[in-house]
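Per my numbering, the very first residue in the sequence shown carries number 1; after that it's consecutive. For each residue, glycine too, the CB sits at the ideal point set by N, CA and C. The structure presented is a predicted model; accordingly, all values stated were derived computationally and were not measured. Structure record follows, encoded as structure tokens.
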Amino acid sequence: MDVLKDISISVGKNEFVSVVGPSGCGKSTLLRIIARLVSCDSGNFNISGTTSYLQQTTLLMPWRNVYSNIILPLEIKTGRKDRFNEEVLELIREFGLEGFENYRPDEISGGMAKRVALLRTYLENRDILLLDEPFSSLDAINRKQMQQWLLKIWRNHKKTVVFVTHDIDEALFLSDKIYILSNRPAVITGELVPGFDRPRNYDKIYSKEYINMKMEVERSLLIK
Ligand SMILES: Nc1ncnc2c1ncn2[C@@H]1O[C@H](COP(=O)(O)OP(=O)(O)OP(=O)(O)O)[C@@H](O)[C@H]1O
Ligand SMILES: [Mg+2]
């Protein structure tokens, strides 16, 4: 079965690129190809830089607590179990996970598990972040906070981001460029450059122009 048919995307260094498309069209497959977890049957792709991949299903180690899950990449890198890394503790606070350090994954909510996984992905400290619906189970306020955090680390740490989402507002708010995919086998039905000034906040970008762009994305999503 063909999943991706005619996909050509380019992501520049330090760019924030989003991919939106209907469920089952192949967005996660695209990220898996970029992460080199699966190979494509035809076509080719080139990447320069290292990638870290936050999968759609939150893969935490059930026997490790929140803190030990978060610091896993640091542990692998240094071979040490640093219990009190100040940077990590600060991030735990910023992510609203303070007080839950000793909880195990089955004792926290889905949204919290997402945040733990995102933090772990960030601490892998690679050039390219591949994020598959990282905020999908968060409430609206929490989601906006996490979006702001992501933009901050993207800006301050000069990352390249490929971001999969179903949420058009989120894509418009975060991205330099958005690719819209059709149903399977997926082709690109739209490409859009939001172009709002940065740093962004929602108050600033809600405008007539914004609504028009949102309608354009919705139209592209309806193309079969
Ligand atoms: N490991 C696999 N083996 C075979 N088929 C797969 C596999 N993973 C995904 N598929 C198929 O590939 C297609 C695309 O799946 P994919 O997970 O990439 O979609 P998606 O766009 O990420 O969907 P969603 O928005 O629901 O996450 C689906 O039809 C799915 O059944
Ligand atoms: Mg998916």
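So, at 7 Å on beta carbons, what are the nonlocal neighbours of residue i in its own chain, with the 5 sequence-adjacent residues on each side left out?
i, result
"residue 165", "18, 20, 133, 171"
"residue 25", "181, 182, 183, 184, 186"
Identify, in the order they occur along the chain, each residue of the same chain with its Cβ nearer than 8 Å to the Cβ of residue i, setting aside the five sequence neighbours on each side.
i, result
"residue 61", "68, 69, 72, 105"
"residue 65", "101, 102, 103, 104"
With DSSP collapsed to three states, give me the class of residue i.
i, result
"residue 2", "coil"
"residue 177", "strand"
"residue 35", "coil"
"residue 103", "coil"
"residue 59", "coil"
"residue 128", "strand"
"residue 20", "strand"
"residue 8", "coil"
"residue 51", "strand"
"residue 136", "coil"
"residue 79", "coil"
Closest to residue i by CA distance: which of the options is it?
i, options, result
"residue 4", "186, 156, 52, 128", "186"
"residue 210", "92, 223, 27, 175", "175"
"residue 169", "206, 195, 146", "206"
"residue 136", "198, 163, 38, 96", "163"
"residue 96", "218, 85, 219, 119", "119"
"residue 193", "203, 23, 1, 212", "212"
"residue 251", "222, 141, 94, 50", "Nothing about residue 251 can be read from this structure; the chain reaches only from 1 to 224."
Buried or exposed: which applies to residue i, given that a residue is buried once 16 or more other Cβ atoms fall within 10 Å of its Cβ?
i, result
"residue 63", "exposed"
"residue 159", "buried"
"residue 113", "buried"
"residue 121", "buried"
"residue 220", "buried"
"residue 117", "buried"
"residue 27", "buried"
"residue 138", "buried"
"residue 78", "exposed"
"residue 204", "exposed"
Who are the near neighbours of residue i in its chain, counting only those whose CB is closer than 6 Å to its CB and skipping five residues on each side?
i, result
"residue 92", "98"
"residue 53", "35, 130"
"residue 124", "52, 73"
Is residue i a contact residue of ligand 3, with contact defined as CB to any heavy atom under 7 Å?
i, result
"residue 27", "The model depicted lacks ligand 3 and carries ligand 1 and ligand 2 instead."
Segments assigned beta strand (DSSP E), at least 3 residues, entirely inside the segment 138 to 206: 160 to 164, 177 to 181, 186 to 192
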